[in-house]
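Protein chains in written order, with my numbering: chain A, 304 to 687; chain B, 6 to 381; chain C, 6 to 381; chain D, 912 to 1205; chain E, 87 to 394.
Structure record follows, encoded as structure tokens.
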Amino acid sequence: GAPGGNAGGEELATSDVPDAPSEAVTLNILDVAGNKQLTEGIFDSFVSEHPDVVSGVTWETAGAPDMAGKVKAQQQAGNLQIDLVLTGTDGLSAGISEDLFVPIAADYKDRLSNMDNYQEPAAEMQKLAEDKGVALTYYPSGPLLEYNPEKVPNPPTTAEELLTWTQENPGRFGYARPANSGPGRTFLMGLPYILGDDDPKDPANGWTKTWDYLQQLNQNISSYPTGTGVTMNNLKNGTWDMALTTTGWDINPRALEQVPANFEVQALEGFTWVTDAQYAVVPKGVSADKMSAILQVLQYALTPEQQAKTYDSGYFYPGPAVEGVTLDMAPQSSQDVIAKFGRPEYDALIEDNPKATPISAEDLVTAFNTWDTDVASGKIEEKK
Amino acid sequence: MSIQATSFKTLELEHVARNFGGQAALSDLNLNIRSGEFIALLGPSGCGKSTALNCLAGLLPLTGGRILMDGRQIDRLVPEKRGFGMVFQNYALFPHLSVEKNIAFGLEMRRIPRAEIKTRVAEAIELVQLGPHARKLPGQMSGGQQQRVAIARAVVLRPPLVLMDEPLSNLDAKLRLEMRTEIRRLHQSLGLTTIYVTHDQEEALSLADRLVVLRQGEVQQVGTPQDLHEHPANWHVADFMGYRNLLDGVVEHTRGGMATVSVAGTGITGATRDPLAPGDAVKVGIRPEDFEITDASGPDAGHTRLEAVVEVVEYQGREFAVEARTDTGQALHIRTHRTAEAGQRITVSAPHERVLVFASALTAAAPVPELQEATP
Amino acid sequence: MSIQATSFKTLELEHVARNFGGQAALSDLNLNIRSGEFIALLGPSGCGKSTALNCLAGLLPLTGGRILMDGRQIDRLVPEKRGFGMVFQNYALFPHLSVEKNIAFGLEMRRIPRAEIKTRVAEAIELVQLGPHARKLPGQMSGGQQQRVAIARAVVLRPPLVLMDEPLSNLDAKLRLEMRTEIRRLHQSLGLTTIYVTHDQEEALSLADRLVVLRQGEVQQVGTPQDLHEHPANWHVADFMGYRNLLDGVVEHTRGGMATVSVAGTGITGATRDPLAPGDAVKVGIRPEDFEITDASGPDAGHTRLEAVVEVVEYQGREFAVEARTDTGQALHIRTHRTAEAGQRITVSAPHERVLVFASALTAAAPVPELQEATP
Amino acid sequence: MSATTLKDTEAPPVPEPGRRQLKATPGTFLVWGGMALFLILLFGVVASVVVNSFAGQWFDSWFPSGYTTAWYGEAWQQYDLTQVVSTTVIVAVAVVGISVLIGAPASYVLARRSFPGKNIVMLVFLLPIMMPPITYGIPLATLLTYYHLAPGLTGVILANLVPSVPFVILTMTPFIEQINPSIESAARMCGANMTRLFTRILAPLLIPGVLAAAVLVLVRTVGMFELTFLTSNSSSDTLVVALFTAMTGAGIRAQQSVDAMAVIYMLMMMVLLVVALRFVNPTQLVSQVREDVD
Amino acid sequence: MTQAPGRSRSAAPEKPGTRPALSHRLAERGIDRLLLLLVPALLFALVLFVYPFVYGLGLSFQPREGGLFGAYVKFFTDPSMRGLESIWITLKLAVPAAVFNVAASIPIAYKMRGKFRGKRALTTVLVIPITLGTVLTAEGLLNFFGQRGWLNRFLEIFGFGPLDLVQNYWGVLWSLIISGFPFAFLLILSYLSGIDPSLEAAAQTLGADWKQRFRKITLPLLAPGLAITFCLTFVLAFSVFPSAILVGDPSGSTRVIAYVAYNAWGQQFDYPLASAAAIVMGAVELLVIILVLLWRSRMYKGSTGGKG
Ligand SMILES: Nc1ncnc2c1ncn2[C@@H]1O[C@H](COP(=O)(O)OP(=O)(O)OP(=O)(O)O)[C@@H](O)[C@H]1O
Ligand SMILES: Nc1ncnc2c1ncn2[C@@H]1O[C@H](COP(=O)(O)OP(=O)(O)OP(=O)(O)O)[C@@H](O)[C@H]1O
Ligand SMILES: [Mg+2]
Ligand SMILES: [Mg+2]
């Protein structure tokens, strides 16, 4: 093996972690979920409020697939320099399967008492972390349809109508590869609920209708971009008239003027929200001092005042993982954006529709593979 | 596409000139080449010989003048359409082709049948005595061997005009003589018109029908070897024709084609063709081998006598090259069968008719056949 | 790192050999070079001259033998530590450096002060008469100009040993003479030991203290110019020393250093140093200039007389080169002041003491000073 | 030399010489035509990005509805490009410099010598170019991290050298083969040792080779995401890491700010390249001289 | 260097003392001090590459399931991996791209050798795409060639329907050409300039027209450089990954092998499988390159000057 081939990094005894670090530490944060946008303010205010605990933070950003390799290399070498990773479910499960993270929620349960305040769906999401991470933000995600009202006067409201619409308008609807796109993934996981499949959590055996539906849909889809950004692009420049989205992907791009503000959103009848969250995880091998600081930061981040900052400009709308955080607690700029680009109907939709957690990471990989082989590649065969 | 390897009657160079970035390497070359002629270009290093060949071959665009073949202007024709052969001064062998293939190249380009290529290449290799090296690459051969490949490559084509740029410079005396004979044989038997650059006076004299002497890009004289050798048009040509002693002097008096010149006080009499008047600055040319070391002293009717002290004696086979200095400080080059010793005082004599007197100014050269005045 | 440009006393080559892929380019070269000597290497094209220089310079590893400098083995020393200078046959100028910089290169490598470099380079440029071209790049110069740069680049270093590979081959006769004088002057004034490859017999004879004649990688004779010129060790050396007529024959009888040989029926008498017996196959060597065209006929005591028909007459300045054929079909090369005409029947005579007789077998060559028998 | 090349800088006094060269053969036409097409399309590709990077809103229309330079400021701010760009330049220059220094001598040996085991050596140099970094990236990062060379600038440079050195070796070998060995011999006879032979004779003659290799390595290095990412920390990220993160990482970004960063990337590379081409012409000095003869 | 003149095995019956020094004999076989110049590069490769690479190689033989070759078996046989197909897809992209880049560079470089005004500018413009980077190229291709991009808008004016130029095979090929052509061009232009023009002059006087000169003189002398250029552009194209994702159709027609490997790595976290895929990828590349280099070894390689 590689030098210092200690696969998991140093195990840290819970008792060794002091309440406060012996001196202020610098936290190196690796963000693979775009979480910086939501939580940077939280970390900053912590630093200004507790300079004796954390003297500063450095940020590094990356894509989720790259994270595990980097952390692993540092752990194996016994020279860990990443103290905290902010990740979505994908990076989380990768890290869990590689056993990279400290079971922080179990080992330090008492010091993270704010975790008790999670709102219900967020608490569900927290379970996915298997105690190896702390959910910081949450949103119900989708699936939702976004369309150009000038081109689509009567948007489809059911899955059946969507199919018909694509048949009538071939090439005018699309979505990104689920493996690379939040909306795509949400759609994939949300369809079984909409179509009433046997087991919405078992893509291998329980998604018969879903796969069948996707294959039919595929007939009229010209290509699957790798990234939601491209779908939004296709939408805005008129290549497509309709695409998939989530709450965040609806509000934020319009706020950024990436998508015309007048574009509308439509939910399919009887849909179930497939929720999503972002986690803070700690790689094995951090020092006791840093661990103590991290615990303090996380506890701080889960306070309602701090959580309110995660409303941001709608990127993870709504965002807060804990109960009782309302928009009026958010910074003014955040309130302004949401007022302008947010959709009042979301509150009702979130309230009324059921919420489900995403399927497990392994099942998700299976689903991606099936999608790759059975859905997307079916297209090339026919085209040839 | 077809290569015009057909023969021609005349090739005229009219005012051909070539500059390199403003500097004239060749100016106003006029020459009328008849088919089958063997012309040698002679001149000091850097005088424009290679430039002339390159212009003729079409490898350098002219910066002035034109070239006519049988009256048709060809100076805009690309080299491959002219169909001339050329031996490059730096050989320019194809480094990736064996000797055989180098030689066969031109034949293949002319789509000669395989069998014929084979025999002709074999002949050419035989000619340049490279039999055992036929399969070597140029990089694996000695300088002289490479040069011979270059010769073979050019002559195997039997082109109507072959341009040779110092083709024998890296060969030993014996091989040189043999190759020279071969070149002449080829020239005669195939009727190849040949333009030959050489720095070897003897080679030029022995091979060529006509010689062209260049100096700093300008033609000095064109004529038969005998012409040039016996009646050099000016001291520069004389210099080239072996008049190693060129003594500066001033005309004392002239009489019927003979001039008496004062060289550092000593009077020397010689023949002249230039219109000279007393007082003109002249150069007196005497060949080393025209000096004779005599025992006699005192004046002699048909001879000029000079006294000098031997400085260097060089053994050169059967003869000795002696360098001596007159009392007036004039260095003399003498070639003689009699040996002498450094420091020895000797008397040398040269017959009047062997001494030539030239005007010092080169522009005053006697009009040269076929050549207008060279004024760029 | 420091360059041992110091002088040496002796340089010994012991059994130096070099093969190229099994083929011997140089075999068993033994030579003792004394400091200050001028040694010329002579031999036909491809005989191994350049190879010998390259081995000496350290550019080619030896495949046999060793090289000792003042008793210290140097053949494993890298070239730059030997500190020799070299003029390459193909010049090998640095194409990206101007003439000046090419010449200055070696001086810079030796960390000579800037000011001195400047003056020495200027001198060297003066020496090779390239003043106006000092700033040109090699690619912008004529062949002869490039060659002169190569000479200047080597001699400007004043190395203890300078190796010159046909350094004057691309220069005109006049410049050759001048350069030759300069080289000798440098050799003498700086005490440079020089090894000089040339194909020019006259150059070799006039410059060198000793000559080394090679043939197919083997040494044929080592000796002073006079030695070689007057007493060539075998017909190959003789061939090189100007004995252009080498007639095959069989010994009829010998008497006290003289042998009478039957060449195609005609008896020719000449001097010999080989131990010959009647019936031995021999070659009779006669120089073209030793033949005289006589009007007399019939036998003559001190001379061999031959009759022949003139085939080719070549004008070569003051002399004529005549090719004639005897009735028995033997071609004769004659150099004479008397002109003759093709077809004319002439009688030529050569004095006995000028005719040399050699054993045909080359291995039977007389023992050569300083040289063991060359048997690979 | 070629008869069809456009050329001739000197104005000839007689109109004739040089005229034939301008005649366009179908081949010439095809070459220049193809080249023009390529350039037009290329221009379109680049222009569309550049325009977008200045775009305010650009929906379904030929051109954006407004223009702004804000994206550059935003990208600069968001990705801390001051530091990223300077890191990139440092890494690029270091990698190019070191790999040329290490690679050139090795390619010299490979060009000039044949020795037992040469094939194995060649293989060792070939593999790093061909193997995707994922095979060796993590162990390499582990190794460097273990010796505390990574994460950090040193690690980034070392990791990037792995494919760069072989790249230099592979590109330079044919260039060295082209140089006449007798020129080297001459230099050594002038007393140049190996070092000075390299710096004074080979380097100038190899300029096009060095340039080509350097540009190649520069582009590879600046564009090498995996190895850089695995060995960098927050203060040693290069531009490509920032770009890739922006492109593929999670989060929603204005396309314009990504494009702005891509344009910055391009400009940086372009400056490096144009500087390089300004000082060295990618043709050998030798033939530059000969070109005059044309 | 050692000096002991060991026992000579030389066949010739040489006299004592004529045996060459060991160093000479080694030098004859190509071994001399010069080889030391290889040391830094070799050391570098051994320490920083070979060790990690062997590790990765080893990893590929420790699959999660299946025997020693489990990962390889999975790569080639698992229907969801579609390993063979991805090799084929990659070759289909890389070979045409490399061939085109080299083939297009040759005539352009050949035309660009002479001296003419604006040559340097043109060279620079042709080399510029090198500076674009994957991301800009991808963004540009999507913008420009996209359905609503300038090109399609332009074609629309003339009534041509929108062409599908990106998000498929062509998009990737385009990006490979844009990023690969300047490499090839720069390299070939430089290799070409190392050939002494007097050789072409010689061929000209021997009656070779430009086609023949090119085929018989320039091309053979250029061949070693071409081989290397091809290898490099091929390798660049073969390991195409970002553009296969950004402007291609990574689940379908541009499911290149690098993508498969990366997927195994970054999405399935199956490192042995990823290593195996990458090793297969390297092996295929190696195969192609070795073929090319074998061909190259039969070419003339050496000084391309005229004399000596
Ligand atoms: N690299 C090589 N590979 C194979 N044979 C070679 C190589 N170099 C030289 N030779 C052969 O070795 C012999 C001697 O070559 P060398 O260059 O020493 O001749 P030379 O005496 O200098 O001849 P020249 O007067 O023509 O220059 C020649 O027959 C030549 O073909
Ligand atoms: N490319 C060039 N650029 C500038 N000057 C040049 C170029 N080529 C030749 N010259 C100059 O033109 C003059 C004539 O050169 P040319 O090669 O014709 O001489 P040459 O008579 O062949 O001399 P040599 O006997 O030395 O070969 C020389 O002074 C030379 O320096
Ligand atoms: Mg010349
Ligand atoms: Mg030689």
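We put the CB at the ideal spot given by N, CA and C, even for glycine.
A quick note: this is a predicted structure, and the numbers were derived from the prediction, not measured.
Worksheet item: Anyone know if the C-beta pair for D:A1017 and D:I1080 falls short of 7 angstroms?
Response: As a position in the fourth sequence, residue 1017 of chain D is number 106, starting the count at 1. As a position in the fourth sequence, residue 1080 of chain D is number 169, starting the count at 1. Between D:A1017 and D:I1080, the gap from beta carbon to beta carbon is short of 7 angstroms.
Discussion item. Here's the rule I'm using: 16 or more other beta-carbon atoms within 10 Å means buried, otherwise exposed. How should D:R1131 be labelled?
Written reply: By one-based count along the fourth sequence, residue 1131 of chain D stands at place 220. D:R1131 comes out buried.
Worksheet item: Along chain E, which residues have their Cβ under 9 angstroms away from the Cβ of A:G541?
Response: The residue you call residue 541 of chain A lines up with position 238 of the first sequence. Q233 and R234, listed in chain order.
Worksheet item: Closest to D:L1037 by CA distance: which of E:A127, E:P306, E:A289 and E:A294 is it?
Response: Against the fourth sequence, residue 1037 of chain D aligns to sequence position 126. The residue with the shortest Cα to Cα distance from D:L1037 is E:A127.
Practice prompt. With 7 angstroms as the threshold, decide whether the Cβ of C:N62 is near any Cβ in chain D.
Written response: Counted from its first residue, the third sequence places residue 62 of chain C at position 57. Note on residue identity: the sequence assigns Ala, not Asn, to residue 62 of chain C. Closer than 7 angstroms: yes.
Worksheet entry | Cross-chain neighbours of E:G352 in chain A, by beta carbon under 7 angstroms | Numbered from 1 along the fifth sequence, position 266 holds the residue referred to as residue 352 of chain E. For a Cβ distance threshold of 7 angstroms, residue set P368 and D369 of chain A lies close to E:G352, ordered along the chain.
Worksheet item: Can you find a CB in chain D that lies within less than 7 angstroms of the CB of E:T291?
Response: Residue mapping note: residue 291 of chain E aligns to position 205 of the fifth sequence, counting from 1. So no, E:T291 is outside the interface.
Item to complete: In the DSSP assignment, find the beta strand (DSSP E) that holds B:I44 and state where it starts and stops.
Response: For this step, residue 44 of chain B is matched to residue 39 along the second sequence. For B:I44, the enclosing beta strand (DSSP E) stretches over residues F43 to L47.
Discussion item. Count Cβ pairs between the segment 357-369 of chain A and the segment 329-343 of chain A that sit closer than 8 angstroms; are there 3 or more?
Written reply: Two segments are said to touch when three or more pairs of C-beta atoms, one from each, lie closer than 8 angstroms; by this definition the segment 357-369 of chain A touches the segment 329-343 of chain A.
Discussion item. I'd like to know whether the C-beta of B:R115 is nearer than 7 angstroms to at least one C-beta of chain E.
Written reply: Looking up residue 115 of chain B in the second sequence gives position 110. So, interface residue.
Practice prompt. Under 7 angstroms Cβ to Cβ from A:A583, same chain only, skipping five residues before and after it: list those, please.
Written response: Here residue 583 of chain A refers to the residue found at position 280 of the first sequence. Around A:A583, the same chain offers L387, L389, G436, V437, L439 and L601 as residues with beta carbons nearer than 7 angstroms, after the five sequence neighbours per side are excluded.
Item to complete: List the residues of chain A that E:I331 touches, going by C-beta distances under 7 angstroms, in chain order.
Response: Locating residue 331 of chain E in the fifth sequence gives position 245, counting from the first residue. Neighbours of E:I331 in chain A, taken as residues whose beta carbon is under 7 angstroms from its own, are T529 in chain order.
Fill in: Status (buried if at least 16 other CB within 10 Å, exposed otherwise) for B:H342
In the second sequence, counting from the first residue as 1, residue 342 of chain B sits at position 337. It is exposed - the Cβ of B:H342 has fewer than 16 other Cβ atoms within 10 Å.
Worksheet item: Is there at least one Cβ from chain B nearer than 7 angstroms to E:I376's Cβ?
Response: Indexing the fifth sequence from 1 puts residue 376 of chain E at position 290. Answer no: the Cβ-Cβ gap between E:I376 and chain B never drops below 7 angstroms.
Worksheet item: In chain order, what residues of the same chain lie with their CB nearer than 6 angstroms to the CB of E:I216, ignoring the 5 residues before and after it?
Response: The count along the fifth sequence starts at 1 and reaches residue 216 of chain E at position 130. Shown here for E:I216: same chain residues with a beta carbon closer than 6 angstroms to its own, the five before and five after excluded, namely P268 in chain order.
Worksheet item: Taking C:H192 as the reference, which of C:G90, C:Q226, C:H258 and C:A109 has the closest Cα?
Response: Start at 1 with the first residue of the third sequence, and residue 192 of chain C comes out as number 187. The residue with the shortest Cα to Cα distance from C:H192 is C:G90.
Fill in: 7 angstroms Cβ cut-off: residues of chain E touching A:P672
For the purposes of this step, residue 672 of chain A is identified with residue 369 of the first sequence, where counting begins at 1. The amino acid at residue 672 of chain A is misidentified as Pro; the sequence shows Asn. Chain-ordered, the chain E residues with CB closer than 7 angstroms to the CB of A:N672 read S166.
Worksheet entry | Option in A:T613, A:M632 and A:D592 with minimal Cα separation from A:D322 | Counting from 1 along the first sequence, the entry for residue 322 of chain A is found at position 19. If we check each option's Cα against that of A:D322, A:D592 comes out closest.
Worksheet entry | Interface positions of the segment 605-623 of chain A facing chain G (Cβ-Cβ less than 8 angstroms), listed along the chain | Absent from the structure: chain G. Protein chains present are A, B, C, D and E.
Discussion item. Suppose you measure from the CA of D:K934 to the CA of D:F940; what does that come to, to the nearest Å?
Written reply: As a position in the fourth sequence, residue 934 of chain D is number 23, starting the count at 1. As a position in the fourth sequence, residue 940 of chain D is number 29, starting the count at 1. At D:K934 the pLDDT is 49, less than 50, meaning the model places this residue with poor confidence and gives no usable figure here.
Fill in: Buried/exposed call for B:G284, threshold 16 Cβ in 10 Å
By one-based count along the second sequence, residue 284 of chain B stands at place 279. Answer is exposed; the Cβ neighbour count stays below 16.
Practice prompt. Determine the closest residue to A:Q569 out of A:E560, A:T606, A:G391 and A:G445, with distance taken between C-alpha atoms.
Written response: Position 266 of the first sequence, counted from the start, is the residue given in the question as residue 569 of chain A. A:Q569 has its Cα closest to that of A:G445, out of A:E560, A:T606, A:G391 and A:G445.
Discussion item. Given this structure, state the Cα-to-Cα distance separating E:S361 from E:L132, to the nearest angstrom.
Written reply: Indexing the fifth sequence from 1 puts residue 361 of chain E at position 275. Indexing the fifth sequence from 1 puts residue 132 of chain E at position 46. Taken atom to atom, the span from the alpha-carbon of E:S361 to that of E:L132 is near 19 angstroms.
Discussion item. Based on DSSP bridge pairs, tell me the residues matched to C:D170.
Written reply: Numbered from 1 along the third sequence, position 165 holds the residue referred to as residue 170 of chain C. Answer is C:V202, bridged to C:D170.
Worksheet item: So is the beta-carbon of C:G48 under 6 angstroms away from any non-hydrogen atom of ligand 4?
Response: In the third sequence, counting from the first residue as 1, residue 48 of chain C sits at position 43. Outside the cutoff, so no.
Worksheet item: How would you call D:P1062, buried or exposed, if buried means at least 16 neighbouring beta carbons within 10 angstroms?
Response: Counting from 1 along the fourth sequence, the entry for residue 1062 of chain D is found at position 151. Label assigned to D:P1062: buried.
Practice prompt. Starting from C:R185, follow the alpha helix (DSSP H) in both directions and report where the run begins and ends.
Written response: Start at 1 with the first residue of the third sequence, and residue 185 of chain C comes out as number 180. First-last of the alpha helix (DSSP H) with C:R185: A178 to L195.
Discussion item. Let me check you understand the geometry: is the CB of B:F25 closer than 6 angstroms to at least one non-hydrogen atom of ligand 2?
Written reply: The count along the second sequence starts at 1 and reaches residue 25 of chain B at position 20. Yes, since a heavy atom of ligand 2 falls inside the 6 angstroms radius drawn around the Cβ of B:F25.
Discussion item. Is B:K54 a contact residue of ligand 3, with contact defined as CB to any heavy atom under 6 angstroms?
Written reply: If you number the second sequence from 1, residue 54 of chain B lands on position 49. Yes, Cβ of B:K54 sits closer than 6 angstroms to a heavy atom of ligand 3.
Practice prompt. Determine, using beta carbons only, whether E:L278 comes closer than 7 angstroms to chain B.
Written response: For the purposes of this step, residue 278 of chain E is identified with residue 192 of the fifth sequence, where counting begins at 1. No, no contact with chain B.
Worksheet item: Is DSSP giving D:Q932 helix, strand or coil here?
Response: Position 21 of the fourth sequence, counted from the first residue, corresponds to residue 932 of chain D. Below a pLDDT of 50, predicted positions are generally treated as unreliable, and D:Q932, at 44, falls in that range; no measurement from the model is reported.
Worksheet entry | At least three beta-carbon pairs within less than 8 angstroms, the segment 228-235 of chain E to the segment 532-540 of chain A | Yes, the segment 228-235 of chain E is in contact with the segment 532-540 of chain A.
Worksheet item: How about B:N24: is its C-beta nearer than 7 angstroms to some C-beta of chain E?
Response: Numbered from 1 along the second sequence, position 19 holds the residue referred to as residue 24 of chain B. Taking 7 angstroms as the CB threshold, B:N24 stays off the interface with chain E.
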